[in-house]
Each structure stands twice: as C-alpha cells, then as structure tokens.
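Residue numbers (the working numbering), protein chains in the order written: chain V, 1423 to 1764; chain F, 2 to 311.
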C-alpha cells in the first residue's frame, strides 16, 4: 500500500483541462439513435429461434403463394389407377423409393400400377390417386389464408371494440365489458360449431365464425392499454386542441398500442390455423374436394395403419407451422416488451 | 367476500340464461330436418312426428316449455338416439369424459409444475432449454396430432395399449396423455415465470441466509408462493380440455360427451346439441367461478383489490 503511494506521483501535469468543446465531443452519441421499432427488431434478430422460425415461415408462405398459380399436378384431379402410391423421389432413397411392404414382401408399387417411368409423386398419392404433394401445397395455402383472414377480423373488431370501450369508460365500458364476459364464458368452439351449422360449411363461414369469437382477447388487451393511455399528457393535449376522438385513436392511441396488437396477432394466427384443422378433422370444416391441413389429416388418419405416409406429412407440416408461429410470437413479445424476459 | 360471491353467481345465472336462449333460437334457425327420411314420409306422418316432439306449437311456446324443462333438468328428447331423453344420454356418457378429463388435468398440471419448477431452478442451463423446448412442443402441436401419433406407435406398432376401445383403465391411458400435453405445456410455462420471480425475492434470500438447503428453500418457500397464480390458468385449461376431448374421444372411440357432440352435429340432433352446449357452458362458467373464489381465498391481496373494484 505504502509502496504504491510512493510510486504514485501526482503533479499538475497529470491533469488535463477540459474545455467546453471537449465536453461536446465526449457526450456525443456516436451510434444513430433507434426508434422503438428498430430497437425491437434489433432484439428480435438476436433471438435465434425466432429468426429461424421467421425464415421458415417465409419459405412456407412463398411456397403457398406459388401454389395459387402452380402445383406439380392438379390437386383435385382423380386417377384411381394410381391410388395409394407411396412417396417416390428416385430409386433407392429410403422412404422415397416408391416401394411398400406388402405382407412382408417389398413391392414396387409404381411398377404394379404401371406408372410410366419418370413419373414420381414426391409424397405419394391418396385413395383417389390425387397427388399428395400438390394437395399439401394447396392445403397449407388455404390454412394460412384462413389464419390471415380470421386475424384480420380479429384486428378489426377487437381493436375498435377495445378502443371504444376503453375510451368512453363509465357506463358504456361497463356494458361492453359485461357483453364480453358473457361471450367469453361460452366455449369458443361451441360458438364456432353453432355458426358453422347455421351457415353452409366453407372458407367464408369458418373465417366468420372464428372472427366472431376470436376478438375477445384482443379487445380486452386494447381496452386495458387504452385506459392507461388516455390519461397520458399527450392525449390530454390533443383533446384540449380539439382533436376528434377518431383522430386521436388513429394518430396517438394505435401507434402506442401497436406492439400489443402485433404480438396478439401473431398468437391468433396459429390459433385460427389450429381451429380450422380441428373443424376439418371432425368433418365440419372445409368441404371436399378442397384440401386443407385439417382435411388432409382427417383423410390420412382413416388409412394410417396401412398407409402412414398419408398422415405423417400433413401432421409434420401442421406441427412445424404451429411451432414456428409460436416461437416467432414469443420472440416478438420478448422483443417488444423486454421487461417480460425476467 | 360474501357479497362478491353473490354478485358473481347472479352474473352466472344471467350468462347461462342468455346462452340457453341463444342456443334455442339458433337451433330454430338451423337448416335441415330432424327426420332422416323425411322425403319418404307423408305430410300426415310428419305432422304426427312434429306433435310428438312438440314442434307444431308456436316458437314462443316451445321456448317457454324448453326453459321450464331446463329448470327441472329436462333437456328434451333426442331426435336420433332411440328417442332417449337427452339428460339420460348425457348422464350415461359423462363418466368416461370426466375420467379422462380429470386424469389429464392431474397428470398435466402435476408434470407441468415439476417441469416448470426445475426449469426455473436451473435457469439458463441445458435443463431449462430442454424444458422450454418441451413446453413449446406441447403448446404448438394440436392434441389430435398427439393422439394419432400415440395411437400409431404405442397402440398399433408396439401393441402396448388398445387402439380404439373403451374397456377399463388401460384404454384411458393414451387419451389421457394426448389431452394432458396442452395443460402440461401451459402449466410448465406459467410455473417457470412465477418461480423465477419468486426465487429473486428477498424472503427466498432470507430463507437461504438462515441456512436452509437449496431444496428445502424451494420446497418450503418458493413452491407454495409460485403455485398461487397457477390456479388462475385452470379455467382456460378446462376449455382446452373440452375442445380436445371432442376429437380425442373420436380418435380413440370413447363413449363420452365429446364424441356424442360431434355425432349429434352430423345428424342434426338439435335437442342433444342444445343440451350439450348448455352443459359445456355451465361446466366452464362454474369452473371459472370456483377458480376465482379459490384464488381470492388463497391470496388475500386479490380479494382486496377485487372488492375495491366492485
């Protein structure tokens, strides 16, 4: 200790005068300042699971968009002669060689059905000889479309309901909240099923039924946030300046609600996809012959003991989509609201 | 507290009344005929059938009779299943559903609490990563996919369990596991967050400072306090179970109410659909009420804030 003190010699020369100009240079923020969104995206990029999910979903979405104009073959064209062919990509690839185990013997199903050389069904065919890969492409597209449309409904109804309820407060809020309480105490599925019985099953009725039930959570979240936001000074300022409530909602409330809305949207897409799959699986969803993930699974399940490949691929794709959406939604939530991450 | 409970019960009755009314009128709007072979029937026959089911009366009278019947536990007569009263149909089928549902919720929450607690204690280690991974899988993959996978590998390939049969405990294992996945994932996730919070609090540090072993601290202090909020997710989990049971019961051919509901939908059996809708809603509303009251009893802070609000 004493040694150190002796070694340390402090002379006036050890000090440097700080000038005013110097302060500016030191205090300068050298990196560009980030907006809230840029910051959130920066955090999201660091989340590996969420980014992998994002790219995976992007690929799936691109493939589905492609399927609107092009599929390897017509997904609804039946060819009973080629029914129940196993997957084939080429000779000798395990699982994709076009061979099946019939009674303990390996049989080349493609040769049996006299399929011309060079004609492969990547994921095989179903009991009507329809190309499963094409059907899967179309099915994913339809499921994603339902997820998207149901979410748009959810956004439109949920956000405006929540805003109105939270903004008005008082008796309006009370009545609107009681209505939500009653609707939310009926199991969602029961409402969806009743709606589907009332309308003819199909894309429109499924989307409508889900749109009518899915907005509750969104409305609740938006209302709760609106209640706190509306007492903020900038909202008060806007009101004092005579801004109309609609303009305040669009210009001040919605931008501040955007993170909540984005996160909730990301969670409602997989929920809608699940519901569609569920409804089609029990037979009141998308009507034949159109393919969706649910109908493919239901068809596959009927024959899964003997032709398991007909079920594995739709099941795998559905699971991957669900996991990816959930991971991305988790990532977004952590990115937008870092406080939740411990 | 008493006033709060009374108020909640009042809302409950109002809710159930609205649900019953809405279902009744929705059913009246439904397309399709309840008689499978109406095309072959003469107008006279249809008239007699209508009279037997009370369908010839004006709608408001039918509504009145139906609501009065509900108060006596009379859900009407099924159109399809040998003219059985709906209440009898439900009573004979609720057993298997309840058994599977309870088993699933016990298995799911039990394992979920364990998994969540372990993940929280071993936070940011590989144990945590594995537990989180399982929770995401359980939350993302639909239960009917689980059901089919279990059926294929454990029942069909390995022959450990019956494929689709209702005969004793062994046939309830696979449906229970399939249904338990979602509650397991939800509980584990929730438990982990709560536990991490609790483990960071001062009283845990105090407990450790007093010389308790890490496991003693967790078992005696942390676990109890993290369990309180977990009670709140029982309500949403009950909903998941109801939805799940419809399709899982179908896959495993279990004679429960979920399977009955799906069957009734495809056969336009209005009284049964109505009865089951009301039953599902009642179960749900009652579960949520019990959970809310329980929560208030367990955690005095909640009771206070809810009394202030109301």
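Yeah, the Cβ is synthetic: ideal placement off N, Cα and C, and Gly gets one too. Keep in mind it's a predicted model, so treat the numbers as computed, not measured.
(message) Please list, in chain order, the chain F residues whose beta carbon lies closer than 7 Å to that of residue 1748/V.
(response) For the purposes of this step, residue 1748/V is identified with residue 326 of the first chain, where counting begins at 1. Those within 7 Å of residue 1748/V in chain F are 137, 140 and 141.
(request) State buried or exposed for residue 1632/V, treating a residue as buried only when at least 16 other CB atoms are found within 10 Å of its CB. (result) Within the first chain, residue 1632/V is the residue found at index 210, counting from 1. Label assigned to residue 1632/V: buried.
(request) Return yes when the Cβ of residue 55/F is within less than 8 Å of the Cβ of residue 276/F, no when it is not. (result) Within the second chain, residue 276/F is the residue found at index 275, counting from 1. Within the second chain, residue 55/F is the residue found at index 54, counting from 1. It is not a contact, given that the beta carbons lie outside the stated cut-off.
(request) Name, in chain order, the residues that DSSP records as bridge partners for residue 1521/V. (result) In the first chain, residue 1521/V corresponds to position 99, counting from 1. Beta-bridge pairing links residue 1521/V to 1530/V.
(message) Rounded to whole angstroms, what is the Cα-Cα separation between residue 96/F and residue 173/F?
(response) Against the second chain, residue 96/F aligns to sequence position 95. Against the second chain, residue 173/F aligns to sequence position 172. Rounded to the nearest angstrom, the two C-alpha atoms are 12 Å apart.
(message) Suppose you measure from the CA of residue 1463/V to the CA of residue 1472/V; what does that come to, to the nearest Å?
(response) What you label residue 1463/V is simply residue 41 of the first chain in a count that begins at 1. What you label residue 1472/V is simply residue 50 of the first chain in a count that begins at 1. Cα-Cα distance, rounded: 11 Å.
(message) By the DSSP assignment, the alpha helix (DSSP H) with residue 1624/V in it spans what residues?
(response) Residue numbering aside, residue 1624/V sits at position 202 when the first chain is read from its first letter. Premise fails: residue 1624/V is in no alpha helix (DSSP H) and is neither H nor E.
(message) Is residue 1705/V close to chain F? Criterion is C-beta to C-beta, closer than 8 Å.
(response) Numbered from 1 along the first chain, position 283 holds the residue referred to as residue 1705/V. Under the 8 Å criterion on CB atoms, residue 1705/V is classed as interfacial with respect to chain F.
(message) Output needed for residue 1657/V: all residues of its chain with C-beta closer than 8 Å, excluding positions within five of it in sequence on either side, in chain order.
(response) Here the question's residue 1657/V lines up with position 235 in the first chain. Correct list, in chain order: 1651, 1670, 1674 and 1675.
(message) According to DSSP, is residue 130/F part of a helix, a strand, or is it coil?
(response) As a first step, residue 130/F must be located in the second chain, where it is residue number 129. In this structure, residue 130/F counts as helix in the three-state DSSP scheme.
(message) Does the segment 201-216 of chain F come into contact with the segment 125-135 of chain F, if we say contact requires no fewer than three beta-carbon pairs (one atom in each stretch) closer than 8 Å?
(response) no
(message) I need the straight-line Cα distance from residue 231/F to residue 191/F, nearest angstrom please.
(response) On the second chain, residue 231/F is found 230 positions in, with the first residue counted as 1. On the second chain, residue 191/F is found 190 positions in, with the first residue counted as 1. When rounded, the distance between both Cα atoms is 7 Å.
(request) Would you list, in sequence order, the uninterrupted alpha helix (DSSP H) runs of no fewer than 4 residues that lie entirely inside the segment 88-169 of chain F? (result) 127-141 and 144-151
(message) Does the CB of residue 1465/V have a neighbour CB from chain F at under 8 Å?
(response) Numbered from its first residue, the first chain carries residue 1465/V at position 43. Not closer than 8 Å to any Cβ of chain F, the Cβ of residue 1465/V fails to qualify, so no.
(request) Below 7 Å between beta carbons is the criterion; list the residues of the segment 144-161 of chain F that meet it against any residue of chain V, in chain order. (result) 145, 146, 149, 153 and 157
(message) Looking only at its chain, what residues have a beta carbon closer than 7 Å to the beta carbon of residue 1573/V, apart from the 5 residues adjacent to it on each side?
(response) Along the first chain, one-based indexing puts residue 1573/V at 151. Once the five neighbours on either side are set aside, the close Cβ partners of residue 1573/V are 1687, 1690, 1691 and 1694.
(message) Taking only three categories from DSSP, how would you classify residue 1669/V?
(response) Position 247 of the first chain holds residue 1669/V. Residue state, collapsed to three classes: helix.
(message) Quick check: is the beta carbon of residue 204/F nearer than 8 Å to any beta carbon in chain V?
(response) Against the second chain, residue 204/F aligns to sequence position 203. Chain V contact via Cβ: absent.
(request) Following the continuous alpha helix (DSSP H) through residue 1432/V, name the residue where it begins and the one where it ends. (result) Locating residue 1432/V in the first chain gives position 10, counting from the first residue. Where residue 1432/V is concerned, there is no enclosing alpha helix (DSSP H), given that its DSSP letter is neither H nor E.
(request) Taking only beta carbons into account, state which residues of the segment 1722-1739 of chain V come closer than 7 Å to chain F, listed in chain order. (result) 1723, 1726, 1727, 1730, 1733 and 1737
(request) Following the continuous alpha helix (DSSP H) through residue 1582/V, name the residue where it begins and the one where it ends. (result) For this step, residue 1582/V is matched to residue 160 along the first chain. Segment 1554-1590, the alpha helix (DSSP H) holding residue 1582/V.
(message) Quick check: is the beta carbon of residue 1758/V nearer than 8 Å to any beta carbon in chain F?
(response) Here the question's residue 1758/V lines up with position 336 in the first chain. Not closer than 8 Å to any Cβ of chain F, the Cβ of residue 1758/V fails to qualify, so no.
(request) Pair every Cβ in the segment 1725-1734 of chain V with every Cβ in the segment 1563-1570 of chain V, then say whether three or more of these pairs are closer than 8 Å. (result) Flag = no, the segment 1725-1734 of chain V and the segment 1563-1570 of chain V do not touch.
(request) Grab me the residues of residue 1746/V's own chain with a C-beta within less than 6 Å of its C-beta, minus the 5 sequence neighbours each way, in chain order. (result) Looking up residue 1746/V in the first chain gives position 324. Excluding sequence neighbours, residue 1746/V sits near 1475, 1478 and 1479.
(message) Could you tell me which whole beta strand (DSSP E) segments of length 3 or greater appear in the segment 1456-1510 of chain V?
(response) Taking only runs of at least 3 residues, no beta strand (DSSP E) segment lies wholly in the segment 1456-1510 of chain V.
(request) Using a Cβ-Cβ cut-off of less than 8 Å, give me the residues of the segment 243-254 of chain F that come near chain V, in sequence order. (result) 243, 244, 247, 248, 251 and 252
(message) Applying the 10 Å Cβ sphere with the 16-neighbour rule, what's the burial state of residue 1589/V?
(response) Here residue 1589/V corresponds to residue number 167 of the first chain, with the count starting at 1. Counting the other CB atoms within 10 Å of its CB gives residue 1589/V a total of 16 or more, which places it among the buried residues.
(message) Let me see if you follow: with CB-CB separation under 8 Å, is residue 1638/V close to chain F or not?
(response) If you number the first chain from 1, residue 1638/V lands on position 216. By this cut-off, residue 1638/V is not an interface position.
(request) Drop a sphere of 10 angstroms on the beta-carbon of residue 18/F, count the other beta-carbons inside from all chains shown, and report buried for 16 or more, exposed for fewer. (result) Taking the first residue of the second chain as 1, we reach residue 18/F at position 17. Result: exposed.
(request) Could you tell me which residues DSSP puts in a beta bridge with residue 86/F? (result) Locating residue 86/F in the second chain gives position 85, where the first residue counts as 1. Residue 86/F pairs with 78/F.
(message) Between residue 1741/V and chain F, is any beta-carbon pair separated by less than 8 Å?
(response) Position 319 of the first chain, counted from the first residue, corresponds to residue 1741/V. Chain F, which has a Cβ nearer than 8 Å to the Cβ of residue 1741/V, makes this yes.
(request) Run the proximity test for residue 273/F: is its beta-carbon closer than 7 Å to any non-hydrogen atom belonging to the ligand MN? (result) You won't find the ligand MN in this model; it holds no ligand whatsoever.
(request) With 7 Å as the limit, tell me which residues of the segment 83-94 of chain F have their beta carbon closer than that to any beta carbon of chain V; keep them in chain order. (result) none
(request) Label residue 68/F either buried or exposed according to how many other C-beta atoms from any shown protein chain fall within 10 Å of its C-beta, with 16 as the threshold for buried. (result) What you label residue 68/F is simply residue 67 of the second chain in a count that begins at 1. It counts as exposed.
(request) Can you pull the chain F residues whose beta carbon is under 8 Å from the beta carbon of residue 1744/V, in chain order? (result) For this step, residue 1744/V is matched to residue 322 along the first chain. Correct list: 141, 142 and 143.
(request) May I have the straight-line CA-CA distance separating residue 92/F from residue 288/F, to the nearest angstrom? (result) What you label residue 92/F is simply residue 91 of the second chain in a count that begins at 1. What you label residue 288/F is simply residue 287 of the second chain in a count that begins at 1. Each residue's alpha carbon lies about 19 Å from the other.
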